[in-house]
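First up is the structure itself, then whatever we jot down about it.
Residue numbers (the working numbering): 1284 to 1454.
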């Protein structure tokens, strides 16, 4: 397994709509493993393929807390079958927006269908943080980042902070 470089906004790959995978091949299963290792190393709870420069409909998530057994999910071609009318607000961050956070409203529950790392079709009902994380990562597959859900003012503030942080790190 390998730690992959994570692209930081405003990298163009983050705004690209991703192509579906034909099948989860051994190469794509390895990519999923590498993405998980990268996510854990960052550390984060979700990572989408465009964040590591791959414009394919692949994401990984694991919302287990530090004191819990890991519960990684490796997901290709996710589709939402159902979303609740009830909304939930979570403070979201993103590995492509280091040290930036904002409250985002999303459906509190979703049911998704996807291909797992063995190319098997699975369905999953998710709620709470898992539902939010999956929706956040699925947005990446459409070229949508979490700041796109914010007001123009809040988005601008985050982008200015991000540019300042990048300049500080480069110096």
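Glycine included, C-beta positions come from ideal geometry on N, C-alpha and C.
This structure is a prediction, so every number in the text was calculated from the model and none was measured.
- Judged by DSSP in its simplified three-state form, residue 1444 adopts helix.
- Contact between the region 1314-1328 and the region 1360-1375 is not established, with fewer than three Cβ pairs separated by less than 8 Å.
- Of 1341, 1288 and 1333, the smallest CA-CA separation from residue 1305 is found for 1341.
- Closest in alpha carbon position to residue 1333, among 1399, 1298, 1445 and 1401, is 1298.
- Between the region 1408-1419 and the region 1342-1354, the count of Cβ pairs shorter than 8 Å is three or higher; the stretches touch.
- Rounded to the nearest whole angstrom, the CA to CA distance from residue 1352 to residue 1404 is 24 Å.
- In the DSSP assignment, residue 1393 is bridged to 1366 and 1409.
- For residue 1330, the enclosing beta strand (DSSP E) has its first and last residue at 1329-1331.
- Of all alpha-carbon atoms in 1316, 1319, 1429 and 1392, the one lying nearest the alpha-carbon of residue 1369 is that of 1392.
- Three or more Cβ pairs drawn from the region 1438-1451 and the region 1381-1392 lie within less than 8 Å of each other, which places the two stretches in contact.
- Per the DSSP secondary-structure output, residue 1357 pairs in a beta bridge with 1343.
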